[in-house]
Structures are given as structure tokens and as C-alpha cells.
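Take 1 as the starting number for the sequence shown in my numbering and just add one per residue.
Right, one structure below, let's go through it.
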Amino acid sequence: MKKNHHQLIAESYKNALSASQDLANRLSENVSKVIVWLIGFSIGSLAFVLTNSDRLAFLNDSTKKYVVVFLTASILSGIFGRIIYLISEFLALRLSLVLDIMLDKYLHPIHIRELHGDETAEMVSHFFREDFPEQTQEEYNLFDEFAKKQEHEKARELYKEMAQWSAGEYELAIEDISQVIKTVYSVKEKDVPQNYFGKYGIWMRRCLRLSLVLYVMSFLLFGVTFFVLAKSFLA
Numbered sequence: 001m002k003k004n005h006h007q008l009i010a011e012s013y014k015n016a017l018s019a020s021q022d023l024a025n026r027l028s029e030n031v032s033k034v035i036v037w038l039i040g041f042s043i044g045s046l047a048f049v050l051t052n053s054d055r056l057a058f059l060n061d062s063t064k065k066y067v068v069v070f071l072t073a074s075i076l077s078g079i080f081g082r083i084i085y086l087i088s089e090f091l092a093l094r095l096s097l098v099l100d101i102m103l104d105k106y107l108h109p110i111h112i113r114e115l116h117g118d119e120t121a122e123m124v125s126h127f128f129r130e131d132f133p134e135q136t137q138e139e140y141n142l143f144d145e146f147a148k149k150q151e152h153e154k155a156r157e158l159y160k161e162m163a164q165w166s167a168g169e170y171e172l173a174i175e176d177i178s179q180v181i182k183t184v185y186s187v188k189e190k191d192v193p194q195n196y197f198g199k200y201g202i203w204m205r206r207c208l209r210l211s212l213v214l215y216v217m218s219f220l221l222f223g224v225t226f227f228v229l230a231k232s233f234l235a
């Protein structure tokens, strides 16, 4: 069946979501390696400063305290930044999985056919199995009973009820998808509704921003430490 423009848009979002997830995973791996290296190097440097006072005789007590404080702050910033980044990854994964499921539902809407009033119960039973492939066996059996008893009108009425319900669910899915996309990628928090996606979308962005700030602080503190050491050594 030819896809309508709504399905094409949903499919493009799904492809973009998959690509962004792959990019996020690669970025996370690279960031993890850098942060682990930075924290490890900071811990090693701190241990060296604390246990090799004779080799750092060019540092006065005041400067040495600053070095210890800067290295400790760099380590803590890196650790807390990594923890918060993992939280943002978890929230992003949770949102992306839900969005992915909803997009799948949107990409494969239930086909609703129009009944003309002359269909037999056997025909309606066949239509129901064909148009509603994910229903329970009990519902299939109910249409089979209508077919056995030749209750054509009841079969047609039930099919119409199921079709109406499915159409309503489909419209809700469309609204949900639009809201999810708006919420997750929204910049202005005042435009985000107070619902599941709004709450987790806001916290995901907050955690991501905070982790990036802590990462930058960790790098800057590490850089300042070596600047202080180099300046003291060359003085």
C-alpha cells in the first residue's frame, strides 16, 4: 500500500532517530574514554603531589594547596559529570524507545475498509482478520460465531465499532507523536506540557547541560593546575 505523507514524515523521523542514537552512542564512547583518561591522570597527579614533596620543592605551601584543591576539584567534576551524563543517557534512551514504538505504530496504521451493508458475516470475519492482525483470539472467535449463526448485521456493526475505535486510537497516536517530538526537542521549557514526555525531556536536557558544564570545569581545572605548576617551576 502506498504510504501517505504522514507516514513518510514519521519514517523520516524514525530514520533520523536511529541515526542520532548511533551518533550519541559513538559520542558517549569517545567522551567516556577522554573523561576516564582525564580522571585517571588527575588522580595520578594528585598522588604524585601528595607523596613527592621533595621533588616539588619549587612549590611553596600556598601554591601546593592550590594545586591539590584544583586537582581534587577536577577529579570530582569529572566523576559527577560522568554520573550525570549517564543519567541523561538513560532518560534519552527511555524517551527514544517510547518514541520509536509510537513511530512504529504510526508507520503501520490499521487499514479500515468501508462496509456497504451487503457483506456476509463470513466476509466480515475475513476482513477483520485481515485488517486487524494484532487482535486477540477471542475477538476472532466472536466473528467466527457470527459467521456460523449467519448474524450478518451483528458482524458488520461490530466491525464498524472496532474500526471507529481504531481510528480514534490512530488519531491519538498522531497527536502523541507530535507532542513527543515537540517536547524532546523543544528549547523553551515554558512551551512543554507537564506530562510524561515533558518531565523526562526537561530533565534529560538539564542533566546533559550540567554534565557538559562539569566536564568543561574538569578540563579547565586540570589545565589551570598544570599552568600553575609550569609557572612555579619556571619562576
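Each residue gets a CB set at the ideal place from its N, CA and C atoms; glycine is no exception.
Three-state secondary structure assigned by DSSP to residue i
i: L210; result: helix
i: D61; result: helix
i: V192; result: Unreliable positioning characterises V192 in this predicted model, as indicated by a pLDDT of 42, which lies under 50. The coordinate reading is nonetheless provided below. V192: coil per DSSP, three-state reduction.
i: R117; result: Correcting the residue type first, residue 117 is Gly in the shown sequence and not Arg. Coil, per DSSP.
i: N151; result: Note that residue 151 is Glu in the sequence shown here, rather than Asn. Reduced to three states, the DSSP call for E151 is coil.
i: N52; result: coil
Residue i Cβ short of 7 Å to the ligand SAM heavy atom set
i: D118; result: Absence of the ligand SAM is noted for the structure shown, with no ligands found whatsoever.
Anticipated Cβ contact below 8 Å, residue i with residue j, distance rounded
i: L210; j: S77; result: Between S77 and L210 the Cβ distance is about 11 Å, and since that is not below 8 Å, they are no contact.
i: L93; j: I75; result: In fact, because the Cβ distance is near 27 Å, the residues do not count as touching under 8 Å.
i: L208; j: S88; result: 4 Å
i: R225; j: V67; result: The residue you asked about is not Arg; residue 225 is Thr in the sequence shown. Yes, they are in contact, since the Cβ atoms of T225 and V67 sit about 6 Å apart, within 8 Å.
i: L71; j: S42; result: 5 Å
i: L95; j: S232; result: Going by Cβ atoms, the distance from L95 to S232 rounds to 48 Å, so no, they are not a contact pair.
i: E130; j: R156; result: At roughly 15 Å, the Cβ-Cβ gap does not stay under 8 Å, so E130 and R156 are not in contact.
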